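J.: Questions regarding the structure given below will be posed in turn.
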Amino acid sequence: MEHTALILIALTLFLLVIIIGLLTALVFKLFRQTPSTDGPPPSLKASSPEEGTKGEFHPAILERMKELEKIKPRRAELFCPNHREEPGEVTCSICDGLFCKACIRPFKTMHFCKEHLPLVMRHDWDEVLTIKTSTSDPENGVRLFDVKKALFRDKDIPTYVETHYKINVDHDYIETYLVLFAVRESVDELRRELKSFNF
4 MEHTALILIA
14 LTLFLLVIII
24 GLLTALVFKL
34 FRQTPSTDGP
44 PPSLKASSPE
54 EGTKGEFHPA
64 ILERMKELEK
74 IKPRRAELFC
84 PNHREEPGEV
94 TCSICDGLFC
104 KACIRPFKTM
114 HFCKEHLPLV
124 MRHDWDEVLT
134 IKTSTSDPEN
144 GVRLFDVKKA
154 LFRDKDIPTY
164 VETHYKINVD
174 HDYIETYLVL
184 FAVRESVDEL
194 RRELKSFNF
């Protein structure tokens, strides 16, 4: 009986040694095949259309990759530039950037980012242009906002637009006016620029 038990123990130890040996060989083989820390092996690298390795992906996938590259910048504009994880909720009345609540401050009836609020508070602002708008003909108002953005982007002229309302008692309706304001020192320059936009 004891003899049989010894044989079973010996067989168990022998099998255990074989299993450990196989596992060791397998681990060693895996470590030898592991790529360097510089990156994945060439066969697994994601190629882009710009790298000229078009043979690795189907043309439809390459087309989709191009579309995603175009979407990324537009998606970034929807998030606060100061807090990339926070969605933009309010637009600055000067730069038209979209900011989270922590990065925007209310002033009068508008909102300004932390960068442009001091600009608004430290300068005198003059009315430069007033245009009447209506829901039936909003084109001039839309053009004014487009021109305002272009002037800030291309000429670095800060402006903001206020909406004013006037009750027309005779005809019983409310008139809407968009009023463009600029820093007093830049009013003359702004008026010259507005002429080029036919305002």
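Each residue of the sequence shown is one higher than the one before, counting from 4 in the numbering used here. Positions of the beta carbon are idealized from the N, C-alpha and C atoms, including for glycine. All values derive from a computational prediction rather than experimental measurement.
Report the three-state DSSP secondary structure of F60 (helix, strand or coil).
T.: Correct three-state label for F60: coil.
J.: Spell out the partners DSSP gives K111 in its beta bridges.
T.: Looking at the DSSP assignment, K111 forms no beta bridge with any residue, so it has no partner.
J.: Once you ignore the five residues that flank T94 on each side, which residues in its own chain have a CB closer than 6 Å to its CB?
T.: The residues are L101.
J.: Which partner residues does I134 have in the DSSP bridge list?
T.: DSSP lists L181 as partners of I134.
J.: Output needed for V182: all residues of its chain with C-beta closer than 6 Å, excluding positions within five of it in sequence on either side, in chain order.
T.: Only E130, T133, E165, H167 meet the Cβ criterion.
J.: Counting along the chain, where does the alpha helix (DSSP H) carrying E192 start and finish?
T.: Element bounds for E192: 190-199.
J.: Tell me the residue span of the alpha helix (DSSP H) that contains V172.
T.: Element bounds for V172: n/a, residue is neither H nor E.
J.: Checking the sheet assignment: what are the DSSP bridge partners for E165?
T.: Paired residues: V182.
J.: Are the beta-carbon atoms of E118 and I160 separated by less than 8 Å?
T.: Contact flag unset, no.
J.: Given a cut-off of 8 Å on the beta-carbon distance, is the pair M113 and Y163 in contact?
T.: In this structure, Y163 lies closer than 8 Å to M113 by Cβ.
J.: Can you list, in chain order, the residues of its chain whose CB lies under 7 Å from that of N143, leaving out five sequence neighbours each side?
T.: The answer, listed in chain order, is I134, T136.
J.: With the cut-off set at 8 Å, would you say H126 and A105 are in Cβ contact?
T.: For H126 and A105, no; Cβs fall outside 8 Å.
J.: Cutting at 7 Å between CB atoms, please list the residues of its own chain near E89, excluding the five before and the five after it.
T.: These residues qualify, in order along the chain: F82, C83, C103.
J.: Looking at the strands, I want to know which residues DSSP matches up with D157.
T.: According to DSSP, which records beta bridges pairwise, D157 is partnered with nothing at all.
J.: Note the first and the last residue of the continuous alpha helix (DSSP H) segment covering L81.
T.: L81 -> no alpha helix (DSSP H), and no H or E assigned at all.
J.: Is the separation between the beta-carbon of K158 and that of E188 shorter than 8 Å?
T.: Not a contact, by the Cβ cut-off of 8 Å.
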